[in-house]
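Student: Numbering (the working numbering), first residue to last: 386 to 517. Even for Gly, the Cβ is constructed at its ideal location relative to N, Cα and C. In this text, all values refer to a predicted model and were calculated from it rather than measured experimentally.
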C-alpha cells in the first residue's frame, strides 16, 4: 500500500509541472517574434545589481538580477537593444550607470532570439547571442 501511494505521489509531482508548461501566446497575434534575456548567477557586481534591458528609444522593458531570465514578444522588424547597469559609488548622491554597447537586432516573423547578459573586459556588461 505504501509503495502504491509513493508511486502515485511521484507521478503526480511529475505531471503537475507539465500542465503549467504550455506555450504562451501574446494577445496581439501580430507579435510573432520573441527575444529572451538570460542573466546567469555569478559572483560579483553583475549578479547583485539590477540590469535594465532598454529597447530603442530608451524604453525600459525588463529588469533582471543574477539567476533570472525573461522573454518579450515583439512585432517583426529592426530594434536596438542595450543594457543599463547601476554603478556602485561611495557617494550615494551621485548615481551613475554603465551602459553596454547598442546592439542592432533584425528579427523576422516567427523568429526567437536568446541573449545572455555577461560581464566584459572592455565594457562592464554586454549581450552575447546564444545559438539555438
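(1) What's the C-alpha gap between residue 410 and residue 421?
(2) Roughly how many angstroms lie between the CA atoms of residue 490 and residue 498, to the nearest whole one?
(3) Roughly how many whole angstroms lie between the Cα atoms of residue 509 and residue 516?
(4) Tell me, which residues are paired with residue 454 by DSSP?
(5) Leaving aside the five residues before and after residue 437 along the sequence, list all residues of the same chain whose C-beta is less than 6 Å from its C-beta, in chain order.
(6) Would you call residue 466 buried or exposed, if buried means 16 or more other Cβ atoms sit within 10 Å of its Cβ?
(7) Considering Cα atoms alone, identify which of 503, 456, 452 is closest to residue 419.
(8) Ordered along the chain, which non-local residues of its own chain (more than five positions away) have a Cβ less than 7 Å from that of residue 453?
(9) On the DSSP bridge list, what partners appear for residue 438?
(10) So residue 435 and residue 471 are in contact, right, with Cβ under 8 Å, and what is the actual spacing, rounded?
(11) Answer yes or no: do residue 439 and residue 451 have a C-beta to C-beta separation smaller than 8 Å?
Tutor: Quick answer:
(1) 14 Å
(2) 9 Å
(3) 23 Å
(4) 423
(5) 445, 448, 469
(6) buried
(7) 456
(8) 424
(9) 447, 468
(10) 7 Å
(11) no
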